[in-house]
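Visitor: Numbering (my numbering), first residue to last: 20 to 379. Structure provided below as structure tokens; questions to follow.
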Ligand code: OGA
Ligand code: NI
């Protein structure tokens, strides 16, 4: 019988090989019972997160009750939140609680699989680009690694998902995507109204929500969480992101006025909504795609499940004509969305730098 790997420190272990190539991920590292964080994960001091500020700010992102979204004041609150914070939380969003619970359980189910099972979806072995298991963000970018494992699922069709997504989580992930569609449409309608776009025609609908990706994120308990991050500073490249998080917490958002980091307190049953770069570009900078990051946790495993609502890869995005009608100069040029996304994934997380790619 093969003896289980047991080590008290990481000196004898090739960390990258174990976590990345062998498919154990940071979850595998956590389960070895390491006493100290492997050096590969040590972030430079300026990137580490001071979690003690978590409760110091009463001032957090707006909370919006979607059951009242026909009320013009609520619609205005949504547009204001997208301008000032780039982030808000919603309740009474119409996504059933059992759908959220099921996708959360399925996430634990997937990451609980043996490494060999998860490796079937690795970059090297996966038969499809549309289901990808990985660890850290671009481990090949030669920056400090991040304490996170993920499964990324790009939605093409029900049939494709049924044949290519991992059986243990595909139905639950599909259900979550389907049942969030209504609230996504409603939010986009309201946000477009705020830009003087009165009707979302077919072309706009493709640009706003022509493709979708769901990520199952797993952040295992971490030795020395103060030295690393779960996710480094970044903004999303989506139009909108709809994020479900469990009750552990750890997501921080940069306030656009004070530049201070604000903790997003988990509210049971809520969803976190944020503006992505594609919407910042289309709104010519009116709606803000704001920097955010995730801390590592010394005592709990955490999961989060974002749905990235995106333009189609083949769409050319730029400031919408309605937004420029007032005579404003375009801040951004037109870019092929797939070029923009490629640019994002080529580098390590670097805050708001991606959007420079689209600067006019
Ligand atoms: C992301 C992200 C936040 C979280 O996946 O882009 O920012 O709370 N996740 O996991
Ligand atoms: Ni993000």
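The beta carbon of each residue, even a glycine, is placed where N, CA and C say it ideally should be.
With which residues is residue 273 paired in a DSSP beta bridge?
Guide: Counted from its first residue, the chain shown places residue 273 at position 254. 280.
Visitor: Compute the minimum distance between the beta carbon of residue 270 and the heavy atoms of the ligand OGA, and state whether it is under 7 Å.
Guide: Working through the chain shown from its first residue, we reach residue 270 at position 251. At least one heavy atom of the ligand OGA is nearer than 7 Å to the Cβ of residue 270, so yes.
Visitor: Considering only their Cβ atoms, is the gap separating residue 315 from residue 249 smaller than 8 Å?
Guide: Translated into the one-based positions of the chain shown, residue 249 becomes position 230. Translated into the one-based positions of the chain shown, residue 315 becomes position 296. Yes, the Cβ-Cβ distance between residue 249 and residue 315 is below 8 Å.
Visitor: Can you tell me where the alpha helix (DSSP H) with residue 198 in it begins and where it stops?
Guide: By 1-based counting over the chain shown, the position of residue 198 is 179. Looking at the DSSP string, the run of the alpha helix (DSSP H) that includes residue 198 is 189–212.
Visitor: Could you check whether the Cβ of residue 84 sits closer than 7 Å to any heavy atom belonging to the ligand NI?
Guide: Stepping through the chain shown from its first residue, residue 84 is reached at position 65. Residue 84 Cβ: outside cutoff for every heavy atom of the ligand NI.
Visitor: Does residue 152 come out as helix, strand or coil in the three-state DSSP assignment?
Guide: For the purposes of this step, residue 152 is identified with residue 133 of the chain shown, where counting begins at 1. Note: residue 152 maps to strand in three-state DSSP.
Visitor: What I want to know is whether the C-beta of residue 206 ends up closer than 7 Å to one or more non-hydrogen atoms of the ligand OGA.
Guide: If you number the chain shown from 1, residue 206 lands on position 187. Distance from the C-beta of residue 206 to the nearest heavy atom of the ligand OGA is not below 7 Å.
Visitor: Measuring CA to CA, which of 150, 217, 211 and 191 is closest to residue 115?
Guide: Counting from 1 along the chain shown, the entry for residue 115 is found at position 96. Looking at the Cα atoms, 191 is the closest of the given residues.
Visitor: Mark residue 117 as exposed unless 16 or more other C-beta atoms lie within 10 angstroms of its C-beta, in which case mark it buried.
Guide: Position 98 of the chain shown holds residue 117. Its Cβ having fewer than 16 others within 10 Å, residue 117 is exposed.
Visitor: Going by beta carbon distance, what residues of the same chain come within less than 8 Å of residue 284, once the five residues before and after it are set aside?
Guide: As a working note, residue 284 is residue 265 in the chain shown. Excluding residues within five positions, the ones whose Cβ falls inside 8 Å are 79 and 268.
Visitor: Do residue 61 and residue 85 have their C-beta atoms closer together than 8 Å?
Guide: Here residue 61 refers to the residue found at position 42 of the chain shown. Here residue 85 refers to the residue found at position 66 of the chain shown. Contact: no.
Visitor: Could you tell me whether the Cβ atoms of residue 155 and residue 164 are closer together than 8 Å?
Guide: For this step, residue 155 is matched to residue 136 along the chain shown. For this step, residue 164 is matched to residue 145 along the chain shown. Yes, the pair counts as a contact, with Cβ atoms nearer than the cut-off.
Visitor: Can you give the beta carbon distance from residue 187 to residue 132, rounded, assuming they're within the 8 Å contact cut?
Guide: As a position in the chain shown, residue 187 is number 168, starting the count at 1. As a position in the chain shown, residue 132 is number 113, starting the count at 1. About 7 Å separates the two Cβ atoms, so the contact holds.
Visitor: Would you grab the beta carbon distance between residue 126 and residue 237 for me? Rounded to a whole angstrom, and I think it's under 8 Å.
Guide: What you label residue 126 is simply residue 107 of the chain shown in a count that begins at 1. What you label residue 237 is simply residue 218 of the chain shown in a count that begins at 1. Yes, residue 126 and residue 237 are in contact; Cβ-Cβ is about 7 Å, under 8 Å.
Visitor: Can you tell me which of the three DSSP states residue 247 falls into?
Guide: Here residue 247 is taken as the residue at index 228 of the chain shown, counted from 1. Coil, per DSSP.
Visitor: Could you tell me which whole beta strand (DSSP E) segments of length 3 or greater appear in the region 90–165?
Guide: 106–110 and 150–154
Visitor: Taking the continuous beta strand (DSSP E) assigned at residue 232, which residues delimit it?
Guide: Here residue 232 refers to the residue found at position 213 when the chain shown is read from its first residue. Residue 232 -> beta strand (DSSP E) spans 230–238.
Visitor: Using the Cα positions of residue 265 and residue 321, report the straight-line distance between them to the nearest angstrom.
Guide: For the purposes of this step, residue 265 is identified with residue 246 of the chain shown, where counting begins at 1. For the purposes of this step, residue 321 is identified with residue 302 of the chain shown, where counting begins at 1. Those two C-alpha atoms are separated by around 7 Å.
Visitor: On the three-state DSSP scale, how would you describe residue 344?
Guide: The residue you call residue 344 lines up with position 325 of the chain shown. Coil, per DSSP.
Visitor: I want to know whether the region 98–108 touches the region 288–306 - three or more CB-CB distances under 8 Å.
Guide: yes
Visitor: Please tell me whether, using a cut-off of 7 Å, the distance from the CB of residue 347 to the nearest non-hydrogen atom of the ligand OGA is below it.
Guide: What you label residue 347 is simply residue 328 of the chain shown in a count that begins at 1. The beta carbon of residue 347 sits no closer than 7 Å to any heavy atom of the ligand OGA.
Visitor: Label residue 308 either buried or exposed according to how many other C-beta atoms from any shown protein chain fall within 10 Å of its C-beta, with 16 as the threshold for buried.
Guide: For the purposes of this step, residue 308 is taken as residue 289 along the chain shown, with counting starting at 1. The residue is buried, with at least 16 neighbouring Cβ atoms inside 10 Å.
Visitor: With a threshold of 6 Å on Cβ separation, who are the neighbours of residue 255 within its own chain once the five nearest residues in sequence on each side are excluded?
Guide: By 1-based counting over the chain shown, the position of residue 255 is 236. Excluding residues up to 5 positions away in sequence, 295 lie with their Cβ nearer than 6 Å to the Cβ of residue 255 in the same chain.
Visitor: Quick one: what does DSSP say residue 61 is sitting in, helix, strand or coil?
Guide: Counted from its first residue, the chain shown places residue 61 at position 42. Coil.
Visitor: Quick check on the DSSP output: the beta strand (DSSP E) that includes residue 56 runs from which residue to which?
Guide: As a first step, residue 56 must be located in the chain shown, where it is residue number 37. Where residue 56 is concerned, there is no enclosing beta strand (DSSP E), given that its DSSP letter is neither H nor E.
Visitor: For residue 173, tell me which candidate among 224, 323 and 328 has the shortest Cα-Cα distance.
Guide: Translated into positions along the chain shown, residue 173 becomes position 154. Of the candidates 224, 323 and 328, the one whose C-alpha sits nearest the C-alpha of residue 173 is 328.
Visitor: Assuming residue 81 contacts residue 96 (C-beta within less than 8 Å), just tell me the rounded distance between them.
Guide: As a position in the chain shown, residue 81 is number 62, starting the count at 1. As a position in the chain shown, residue 96 is number 77, starting the count at 1. With a Cβ gap of about 6 Å, residue 81 and residue 96 count as contacting.
Visitor: What are the uninterrupted segments assigned as alpha helix (DSSP H) that are 4 or more residues long and contained completely in the region 291–348, given in chain order?
Guide: 296–301 and 340–343
Visitor: CA-CA distance, residue 338 and residue 348?
Guide: If you number the chain shown from 1, residue 338 lands on position 319. If you number the chain shown from 1, residue 348 lands on position 329. Rounded to the nearest angstrom, the two C-alpha atoms are 10 Å apart.
Visitor: Out of curiosity, what's the CA-to-CA distance linking residue 145 and residue 324?
Guide: Your numbering for residue 145 matches position 126 in the chain shown. Your numbering for residue 324 matches position 305 in the chain shown. Near 21 Å, if we compare the C-alpha coordinates of residue 324 and residue 145.
Visitor: Can you tell which of 239, 350 and 46 has the C-alpha that lies nearest to the C-alpha of residue 300?
Guide: Against the chain shown, residue 300 aligns to sequence position 281. Shortest Cα-Cα distance from residue 300 to any of 239, 350 and 46 involves 350.
Visitor: Quick check on residue 181: buried or exposed, where buried means 16 or more other Cβ atoms within 10 Å of its Cβ?
Guide: Here residue 181 refers to the residue found at position 162 when the chain shown is read from its first residue. Exposed.
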